[in-house]
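Per our numbering: the sequence shown = residues 1439 to 1716.
Take a look at the structure below.
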Amino acid sequence: MGGKIRNAIVAALDAITSGSVRDRIDAERKRLDEEGEREKQLESARIPLLESGNDAELDKVEASINESRAAQLRIQERIELLGKRLSEREQQEQQAKFGELRERVDRLRQFGEGLIRNEYAKAADELAKVLQKLRAVDELVEGANYTLARAGLECVAPTNAIRCQRGRSESVTRKRRVGLRDPEHPYYGRAQLPHNRVSGDDGAEWNPEVTADNGERTRCFVEIEQTVQVHHTAEVQEVLHRAIEVLPSATTSHVPLYASDQPVDQSVLDQLRTEYGL
1439 MGGKIRNAIV AALDAITSGS VRDRIDAERK RLDEEGEREK QLESARIPLL
1489 ESGNDAELDK VEASINESRA AQLRIQERIE LLGKRLSERE QQEQQAKFGE
1539 LRERVDRLRQ FGEGLIRNEY AKAADELAKV LQKLRAVDEL VEGANYTLAR
1589 AGLECVAPTN AIRCQRGRSE SVTRKRRVGL RDPEHPYYGR AQLPHNRVSG
1639 DDGAEWNPEV TADNGERTRC FVEIEQTVQV HHTAEVQEVL HRAIEVLPSA
1689 TTSHVPLYAS DQPVDQSVLD QLRTEYGL
């Protein structure tokens, strides 16, 4: 029987959460307010009984007053104890959250180790072979181009050219908002901004009509189309086998697996956060 009672007590304590303790504190504070109001009412009822000399009823009221005061003291003490219990539970729950976070991150670490041991190791072997062939191709092309150049002939473009982009310029039409004080406004110098800036409807954008010197109507602000030249700078990518140089081993190597200074794909981060609850 003792073991069952002990287990029941342990289960009851485990069931206590910070939320349930807060609810109890709120309920006790409400009871405290009610008892305080009850004491005030009893104190008001005591005065006429004391004045009239009705000692029998006065004893009952004073007993109720003492009972109310004793109840308030107990409630206050209970609230203090529950406050300590709340602090303990909050700390325990916080530690539990940290423990759960560590377990999830540890599972993520195991997933990352699997990527290195399995997927990366296989991919690195295959990619290393590709890079070796690519380097041989580049050396042959470079040697042949040296021969062609000495003969005064046009050289062959290197393989890395497909990864590069030449600089270019293009004409782009864009819309731009201009005011009467902007030389690009169609009525610049022919119409003036109003002296009093008074808007119409609440929240409406201030853009009244004005009259130009030729009697035509226009807005203070209008949209115009402009054709501008946009230049795209050239992008020259480093040759693959030179940029990568040596593929790091999946086990022991001082060469980093990836460039840590490059931004991480946000979609991959979001996917892993969702999958591992981070």
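Yeah, the Cβ is synthetic: ideal placement off N, Cα and C, and Gly gets one too.
When the Cα atoms are used, what is the spatial distance from V1741 to Q1603? Lying before the first or after the last residue shown, residue 1741 is absent from the chain, which here runs from 1439 to 1716.
Taking the alpha carbon of C1673 as the point to measure from, which residue in E1500, L1470, G1605, D1708 has its own alpha carbon closest? Reading the sequence shown from its first residue, position 235 is the one you call residue 1673. Sequence inspection shows Glu at residue 1673; the Cys mentioned does not correspond to that position. Per the Cα distances, G1605.
When the distance is taken between beta carbons, is R1462 closer than 8 Å to Y1714? Position 276 of the sequence shown, counting from 1, holds the residue named residue 1714. Position 24 of the sequence shown, counting from 1, holds the residue named residue 1462. Not in contact: Y1714 and R1462 (Cβ atoms no closer than 8 Å).
For A1465 and K1498, I'd like the C-alpha separation in whole angstroms. Residue mapping note: residue 1465 aligns to position 27 of the sequence shown, counting from 1. Residue mapping note: residue 1498 aligns to position 60 of the sequence shown, counting from 1. Looking at the two C-alpha atoms, the distance is approximately 28 Å.
Taking the alpha-carbon positions, what's the E1515 to G1537 distance? Within the sequence shown, residue 1515 is the residue found at index 77, counting from 1. Within the sequence shown, residue 1537 is the residue found at index 99, counting from 1. Their Cα atoms are separated by approximately 33 Å.
Is A1595 closer than 8 Å to R1628 when the C-beta atoms are compared? Your numbering for residue 1628 matches position 190 in the sequence shown. Your numbering for residue 1595 matches position 157 in the sequence shown. Cβ distance not < 8 Å, so R1628 and A1595 don't count as in contact.
What are the start and end residues of the alpha helix (DSSP H) that includes E1663? The count along the sequence shown starts at 1 and reaches residue 1663 at position 225. It is not in any alpha helix (DSSP H) - E1663 instead sits in the beta strand (DSSP E) that spans 1659-1670.
Closest by C-alpha distance to V1648, when choosing among Y1626, V1668, E1592, Q1667: Start at 1 with the first residue of the sequence shown, and residue 1648 comes out as number 210. Here the closest residue by C-alpha is Y1626.
Taking the CB atoms as reference points, tell me whether D1563 and T1597 lie closer together than 8 Å. Locating residue 1563 in the sequence shown gives position 125, counting from the first residue. Locating residue 1597 in the sequence shown gives position 159, counting from the first residue. Against a cut-off of 8 Å, the Cβ pair of T1597 and D1563 comes out as no contact.
Inter-residue Cα distance where the pair is G1641 and G1617: Your numbering for residue 1641 matches position 203 in the sequence shown. Your numbering for residue 1617 matches position 179 in the sequence shown. Unreliable positioning characterises G1641 in this predicted model, as indicated by a pLDDT of 49, which lies under 50. The coordinate reading is nonetheless provided below. So the alpha carbons of these two residues sit roughly 20 Å apart.
Under 8 Å by Cβ, that's how I've got L1496 and R1484 pegged, so tell me the actual separation to the nearest angstrom. The sequence position of residue 1496 within the sequence shown is 58, counting from 1. The sequence position of residue 1484 within the sequence shown is 46, counting from 1. Yes, L1496 and R1484 are in contact; Cβ-Cβ is about 7 Å, under 8 Å.
Taking buried to mean at least 16 other C-beta atoms within 10 Å of its own C-beta, is Y1584 buried or exposed? Mapped onto the sequence shown, residue 1584 falls at position 146. Answer is exposed; the Cβ neighbour count stays below 16.
Span separating the alpha-carbon of T1455 from that of I1517: Position 17 of the sequence shown holds residue 1455. Position 79 of the sequence shown holds residue 1517. Rounded to the nearest angstrom, the two C-alpha atoms are 16 Å apart.
In DSSP terms, what S1609 is bridged to: Position 171 of the sequence shown, counted from the first residue, corresponds to residue 1609. Q1667.
In the DSSP output, what is R1542 paired with across the bridge? Here residue 1542 is taken as the residue at index 104 of the sequence shown, counted from 1. Note: R1542 sits in no beta bridge, so no partner.
What number of angstroms, rounded off, separates the C-alpha of E1676 from the C-alpha of A1599? Against the sequence shown, residue 1676 aligns to sequence position 238. Against the sequence shown, residue 1599 aligns to sequence position 161. Looking at the two C-alpha atoms, the distance is approximately 10 Å.
First through last residue of the beta strand (DSSP E) which encompasses E1643: What you label residue 1643 is simply residue 205 of the sequence shown in a count that begins at 1. It is not in any beta strand (DSSP E) - E1643 carries neither H nor E in the DSSP assignment.
Span of the alpha helix (DSSP H), counted from its first residue to its last, around E1466: Your numbering for residue 1466 matches position 28 in the sequence shown. Here the alpha helix (DSSP H) through E1466 covers 1456-1490.
Which value, in whole angstroms, describes the spacing of the CA atoms of L1710 and R1612? Position 272 of the sequence shown, counting from 1, holds the residue named residue 1710. Position 174 of the sequence shown, counting from 1, holds the residue named residue 1612. Distance between the alpha carbons of L1710 and R1612 is about 40 Å.
Among A1494, N1504, P1486, L1488, the one whose alpha carbon lies nearest that of E1473: By one-based count along the sequence shown, residue 1473 stands at place 35. Looking at the Cα atoms, N1504 is the closest of the given residues.
Just curious, the alpha helix (DSSP H) that N1583 is in, first and last residue? By one-based count along the sequence shown, residue 1583 stands at place 145. That run of the alpha helix (DSSP H) goes 1559-1588.
Excluding sequence positions up to five away, which residues of its chain have a Cβ less than 8 Å from the Cβ of E1654? Reading the sequence shown from its first residue, position 216 is the one you call residue 1654. For E1654, where only same-chain residues beyond five positions count, the Cβ hits under 8 Å are Y1625.
What would DSSP say about G1617, mapped onto helix, strand or coil? Looking up residue 1617 in the sequence shown gives position 179. G1617 falls in the strand class under three-state DSSP.
When DSSP labels each residue in this structure, what does R1628 get in the three-state scheme? Residue numbering aside, residue 1628 sits at position 190 when the sequence shown is read from its first letter. Looking at R1628 - three-state DSSP - the assignment turns out to be coil, as it is neither helix nor strand.
Return helix, strand or coil for R1655, following the three-state DSSP convention. Counted from its first residue, the sequence shown places residue 1655 at position 217. Three-state DSSP puts R1655 in a strand.
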